[in-house]
Structure formats: C-alpha cells, structure tokens
Amino acid sequence: MKPFQATASAHPNIAFIKYWGNEDDLLRLPANPSLSMNLGSLQTVTTVTFTEEVAGDELMINNQRITGPALERVSSQLDLVRAQADLRRPARVESESNFPVGSGIASSAAAFAALSLAGAAAAGLTLNEAALSRLARRGSGSACRSVPGGFCQWLPGDDGASFATTMAPAAHWDLRDLVVVVSREHKPVGSTGGHHLAQTSSLQAARVAGAWSRFEACREALLARDLAILGPIIEEDAVIMHAVMMSSHPPLYYWNAATMALIEATQRWRTEGLPAYFTIDAGPNVHLICEPSHAEAVEREARKIPGVQDVLTSNPGGPARLMDLT
Ligand code: DP6
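Going by the working numbering, the letters in the sequence shown line up with residues 184 to 509, in that order.
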C-alpha cells in the first residue's frame, strides 16, 4: 500500500428500529435510538488516496466520474478527516459496490462507513471503533451502524456520545434479509431531505416517544433469537416511520403497488405457515426478514408478485475493515 493511501470495505445495514429525524441536522444527532443488521453479502470497497496529483477532490463510483452534490458530500466528510489529521492534500476516491445503487439498500451507509475508515487510515489517523462510528455518522447517520459488526445499536446523545456499538455479533443469529426490488428509479426526496421534514408531521413526536420501548422489545427478541416476537415489532416500527413520512409537509409517499402487494403477501404467507416479516426504508423496495430455512420459499413466493424485479439475499455481516491490497 502506498503512503497516504488506504482501502476499506463496509456492508450496508437494514434497520429493525428506524432512524428518522435529527435533533441536530448538521451533526446528524438522531431523535431516537435505532437498531440494525449488517448485510454480509453486500459490500462497498473504497480506496482513498491523498495526493498532490489532483487539483481538488475526485470521486469515481463504479468506474464513473461523479461531480456535483455527491462529490461535495464526500469532500465535506474528507474535510473532517483532513482537519483531524492536519492534512491539506486533496484526495482521489474510488468506490465500488456489489449491489445496484438505488436498489433500496441504503448505499450511503456502506459508502460513508468505508470512506471514513479508508480516509482516516490514509491520513494516518488511528481511530477506535467509537471514534470511527462517530466520524461515519457525520457523513450519513445510518453509516455509523455499518462500522461495528453484526447487529448494531445507535443511541441518541451529544456529538461525543452518539455512536453505534455491536449489540450481538453476526454469528449470534443466522437471519436472512431478502431485499425485494420493485423499483430502480431514483427517489425524488432522499433520506437527508426526509429527516428534515420529519418534524413537520404531527405523528413524529408520538413515533419518537414510542421508539425506546420498541427498541428495548426488539433488543430482547433479538437476544432471545425469537422471530415471532421480533417480526411484529420491526413491521410496526417501519409502518410508523412511513406514517410520519406520509403525513409530513410536503408528504413523502415511498410505496408503490408492489410494495403494498408484498405487505399483504407477507401476512398471507404467515397464515399459511411461512414466517417472514417486512421492513421498508426510504423507498418502495421491501426487505423480508426470515430464518435461513425459509429463505428459498420466501424468495420463490416473492418473485410471483407482479412488479418484483429482483431479490437479493443477505446474511448478517461483520464490521467495516481495512483491506491490505499489497
Ligand atoms: C429510512 O442514514 O440514509 O434508512 O443521515 O441523511 O444520510 P442521512 O440519512 P440515512 O437515513 C436512513 C433512514 C432509513 C432508516 C435507517 O436506516 O435507520
């Protein structure tokens, strides 16, 4: 590995208890605790090189040159790294993901976790997991949960206290997340815009007030590996978040007809003895959570629903890590 260069990988994550709305938008201090599972078969690999060979920061995603707001967001994140390391060099950033951008998988989580780790290492900083998770949080809130491994919790607090930690390692429970892709279109309002709107919904205060008890119940079910208890909690939490989205000003409707069909199908499968539970992020695609023994049948059934384009299956994943490419 060259000096001022490092490569890191990180997995995206799916939240069982959602982060929606900030106490502080700039610092990305969340209004409520959240809990997620890293998605082990999906990953982003990012190389950061601080070099005088470029005039300003350069960004390549999947071999395509990126400019505009996405580059500015990456530059702001690298500015935090440069300030900590007292470094002035611009950076070349090359990032590749093995999952489609806009597939309903929070790509910013894996992207900012990998960027933060590679950037910090390339700048010569040695950050512990908490410091790295705090740094990743500044780039994208959910990215802080892609720094530790397995099932992660992220608690609200001030800048120093709000970071993610492992609640249980990946090996604790071999769950599956089947990402059912029903649209690849770019969403008109992304998560960052959505967080800003959360306060405009009269339901947000009630969502935040109930988040701690859903979080505690989710943690207990997760530690007990009890899907029959976990499943209804994650469904309720996702639906409450979407109720906030739909009642914001202006309203955010992320679901389409196939999203609704999958919600109905999930309920039907359960009465037929096929246990699977849904959760949905800021988009129309549906994540189906089930035991590995049911994953094949759930995928087969999901593919029968009109509008379903693809199914990507993942097991629990480990932490963000540095890669030695020498
Ligand atoms: C619905 O972390 O993508 O996926 O901090 O603006 O990058 P930014 O938002 P982001 O929000 C994630 C929202 C969510 C729920 C979750 O992952 O907890």
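Backbone N, C-alpha and C define an ideal beta-carbon position, used for all residues, glycine too. It should be emphasised that the depicted structure is a prediction, and the values quoted were computed from it without experimental measurement.
In the DSSP annotation of this structure, Thr232 is not part of any alpha helix (DSSP H); the continuous beta strand (DSSP E) holding it starts and ends at 227-233.
In this structure, the alpha-carbon of Ala480 lies about 11 Å from that of Leu361.
Residue pairing of Val469 in beta bridges, as defined by DSSP: Val363. Taking Ile244 as the centre and dropping the five residues before and after it, the same chain places the C-beta of Ser278 closer than 6 Å to its C-beta, in chain order. One alpha carbon belongs to Arg272, the other to Thr309, and they sit about 18 Å apart. In the same chain as Arg504, and ignoring 5 residues on each side of it, the C-beta atoms closer than 7 Å to its own belong to Ala191, Ser192, in chain order.
In the three-state scheme derived from DSSP, where H, G and I count as helix and E and B as strand, Phe295 is classed as helix. Taking Leu242 as reference, the option from Ser258, Cys473, Ser476, Ala292 with the minimal CA-CA separation is Ser258. Short note on His477: C-beta not closer than 7 Å to any heavy atom of the ligand DP6. CA-to-CA, the gap between Thr375 and Ala326 works out to about 13 Å. For Ala293, the closest of Ala304, Ser280, Pro458 by C-alpha to C-alpha distance is Ser280. In the structure shown, the three-state DSSP call for Arg504 is strand. Between Leu445 and Val469, the C-beta spacing is below 8 Å.
If you check the C-beta of Gly204 against the ligand DP6, you find no heavy atom less than 7 Å away. Counting C-beta pairs with one atom in each stretch, the region 385-400 and the region 418-428 have three or more that are closer than 8 Å, which means they touch. Between Leu212 and Ser345, the C-beta spacing is below 8 Å. Contact check for Asn215 and Pro339: beta-carbon distance about 6 Å, within the 8 Å limit, so the pair qualifies.
When DSSP states are grouped into helix, strand and coil, Glu255 belongs to the helix group. Shortest gap from the CB of Ala253 to any heavy atom of the ligand DP6: 7 Å or more. Residues of the same chain with a CB within less than 6 Å of the CB of Cys473, apart from the 5 flanking positions on each side, are Arg359, Ala459, Val481 in chain order. Here Phe187 carries a coil assignment [DSSP, helix/strand/coil].
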